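Participant: Quick note: the sequence shown uses the numbering used here, first residue 4, plus one each step. All C-beta atoms in this analysis are idealised placements derived from N, C-alpha and C, irrespective of residue type, glycine included. Quick caveat: nothing in here was measured; it's all calculated off a predicted structure.
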Amino acid sequence: MMEACCAVSETRTTPSAHVCPLCGHRAKKVERLTMEHLLLPGTIPQIANTQYYFCETPTCPVVYFPYDASAAMFQKMNLRVRVGVKEAEDPVPLCYCFGITRKDVWDEIEQTGKSTAVNRVKGEVQAGNCACEVKNPSGKCCLGNVTRAVQEGMKMIRSLSEGANC
Ligand SMILES: [Zn+2]
Numbered sequence: 004m005m006e007a008c009c010a011v012s013e014t015r016t017t018p019s020a021h022v023c024p025l026c027g028h029r030a031k032k033v034e035r036l037t038m039e040h041l042l043l044p045g046t047i048p049q050i051a052n053t054q055y056y057f058c059e060t061p062t063c064p065v066v067y068f069p070y071d072a073s074a075a076m077f078q079k080m081n082l083r084v085r086v087g088v089k090e091a092e093d094p095v096p097l098c099y100c101f102g103i104t105r106k107d108v109w110d111e112i113e114q115t116g117k118s119t120a121v122n123r124v125k126g127e128v129q130a131g132n133c134a135c136e137v138k139n140p141s142g143k144c145c146l147g148n149v150t151r152a153v154q155e156g157m158k159m160i161r162s163l164s165e166g167a168n169c
C-alpha cells in the first residue's frame, strides 16, 4: 500500500522535474487527477493537455505550472485547500488524508514532549486509508512534511527548555 501511495509514476515522456517560471526552482510532476480534485471547480476547465508540475517553494504563489509555457498556470488562490508548504500561519495542513495540521503536531510536542503523528500516518497508510493522490496538492505522500514539522517542533521545545535552564 505504502509503495503504491508514494510511488512516482514515470509513464510520460516529459522530464520528471521542471523549473518554475516564477521562482526558478525545480518542481516535480503532478498528475492531472490530483489537480482536478484540488483546484476550484471554475478553474478546472483551464487545465491544459500538457504535463503539470507542483512548485513547493514556500514563498512562491504558483502551485501548478505547465510544461507547455503557453498553457494556464495555477496559484494558491485557485485551490480549494491551503497548500501547507506555502503557508506560515495556522492552519498549516500537513497531512490532508487524516487532517493533521502543524499546530496539532506542535501542541502534542508541547504537551507530551514527543509526536505520534508520523506513526499515526504510517499506520493509516499501511491500512490503505490514504488518498494523497486526490487530497494532497502535491499528489504525494505527506510523511516528509509531517516528519519535518515534528523535527521543527522538537527543536523549538529543546531551545525553550535550554533557555529555561539558563
Ligand atoms: Zn515557484
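1) Contact check, V121 vs V149 under 8 Å by CB: the rounded distance?
2) In the DSSP assignment, find the unbroken alpha helix (DSSP H) run with L97 in it and report its ends.
3) Output needed for A20: all residues of its chain with C-beta closer than 6 Å, excluding positions within five of it in sequence on either side, in chain order.
4) How would you call P140, buried or exposed, if buried means at least 16 neighbouring beta carbons within 10 angstroms?
5) Around the C-beta of R105, are 16 or more other C-beta atoms found within 10 angstroms, so that it is buried, or is it exposed?
6) Tell me whether V65 counts as near ligand 1, meaning its Cβ is closer than 6 Å to at least one heavy atom of that ligand.
7) Buried or exposed: which applies to T37, given that a residue is buried once 16 or more other Cβ atoms fall within 10 Å of its Cβ?
Facilitator: According to the structure data:
1) Between V121 and V149 the beta-carbon gap is near 6 Å, inside 8 Å, which marks them as a contact.
2) In the DSSP annotation of this structure, L97 is not part of any alpha helix (DSSP H); the continuous beta strand (DSSP E) holding it starts and ends at 96-98.
3) Around A20, the same chain offers R29, K31 as residues with beta carbons nearer than 6 Å, after the five sequence neighbours per side are excluded.
4) With 16 or more other Cβ atoms inside 10 Å of its own Cβ, P140 counts as buried.
5) With 16 or more other Cβ atoms within 10 Å, it is buried.
6) It does: the Cβ of V65 is within 6 Å (strictly closer) of some heavy atom of ligand 1.
7) Buried, since its Cβ has 16 or more Cβ neighbours within 10 Å.
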